[in-house]
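Peer 1:
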Amino acid sequence: MTCRTLVAAVLGAATAAVLALPAVANASPDDTRTPLTVTREKGHVLACTGTGYGVDVVVDLYDNDVFGTHAAVSVRTPDDEYVRGGETGAGLFDRGRIRREFVLDSETSGTAQTVVVSGAYVRSGSPKRVHEVYDEPFGQVVTKGWNYPLRAGVTVRTMGQQVELTCGDAFAYRLTTWRPDSTAE
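Residue numbers for the sequence shown, in mature numbering (1 follows the signal peptide of the UniProt record, and there is no 0): -27 to -1, 1 to 158.
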């Protein structure tokens, strides 16, 4: 699996609960014809990249108090690529601080590298209202809430080098989702 595929898979799966899918008209959490499951969730999304000392780094971090914590990390050198993706322990985002050690496996040589992702984040800018409506197999889903933009300073320490990252997507969120109950008869 390439880094691009891994990062796309992890970030795509993780942010599906947060970001909009194609909109569908006329869905409402007030529609009482079908029993609904209501989920209240909060968390963070951070997607960062950086290059330094011949090393390219991609870091995607996601935490959700309902759906778990996920990380995709890639370190590419001229000779090899090291990747890690999937679930990780809770506490990735801790009161404005990020610090986590990951072991990345080589795509070619069979070796591994340890990386340390660290940094800080603060709210920055006005909250953005979220209102999304999309289809799932059991009916229409409505998500409402807020995204809170973050300003983040993140670095990765790997292979004896410290690489500064630039974070494109960076936000905290609080959402309520109304989903048709798939167990209702």
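Even for Gly, the Cβ is constructed at its ideal location relative to N, Cα and C.
Buried or exposed for Pro110, going by 16 or more other Cβ atoms inside 10 Å?
Peer 2: exposed
Peer 1: Do Ala143 and Tyr107 have their C-beta atoms closer together than 8 Å?
Peer 2: no
Peer 1: Could you work out which residue in Tyr146, Gly92 and Tyr26 is closest to Val48 when comparing CA atoms only?
Peer 2: Tyr26
Peer 1: Among the candidates Val89, Thr12, Leu123 and Asp53, whose CA atom is the shortest distance from the CA of Asp32?
Peer 2: Sequence check: residue 32 is Val here, not Asp. Checking every option, the nearest Cα to that of Val32 belongs to Val89.
Peer 1: Quick check on DSSP: helix, strand or coil for Pro122?
Peer 2: strand
Peer 1: Within 8 Å, do at least three Cβ pairs link the region 112 to 119 to the region 35 to 44?
Peer 2: no
Peer 1: Below 7 Å CB to CB, which residues in the same chain sit around Leu138 once its five sequence neighbours on both sides are set aside?
Peer 2: In chain order, Cys21, Thr22, Gly23, Val30, Val32, Val127, Thr128 and Val129 place their CB closer than 7 Å to the CB of Leu138, counting only its own chain and leaving out the 5 sequence neighbours on each side.
Peer 1: Among Val28, Lys15 and Leu19, which one has its Cα closest to the Cα of Gly41?
Peer 2: Lys15
Peer 1: Name, in chain order, the residues that DSSP records as bridge partners for Ala143.
Peer 2: Partner(s): Leu19.
Peer 1: Please confirm whether Val32 has its beta-carbon closer than 8 Å to some beta-carbon of chain B.
Peer 2: Of the protein chains in the structure, only one exists, and it is not chain B.
Peer 1: Going by the CB atoms, is the gap between Val103 and Lys117 shorter than 8 Å?
Peer 2: yes
Peer 1: Within its chain, find whatever has a CB closer than 7 Å to the CB of Arg70; leave out the 5 residues flanking it on each side and keep chain order.
Peer 2: Ala93
Peer 1: Tyr26 lies in the beta strand (DSSP E); which residues open and close that run?
Peer 2: That residue, Tyr26, is in no beta strand (DSSP E); it is neither H nor E in DSSP.
Peer 1: Look at the alpha carbon of Thr87 and the alpha carbon of Gln134, and state the distance between them as a whole number of angstroms.
Peer 2: 12 Å
Peer 1: Taking buried to mean at least 16 other C-beta atoms within 10 Å of its own C-beta, is Gly58 buried or exposed?
Peer 2: buried
Peer 1: Measure the Cβ-Cβ separation of Thr7 and Pro153 and say whether it is below 8 Å.
Peer 2: yes
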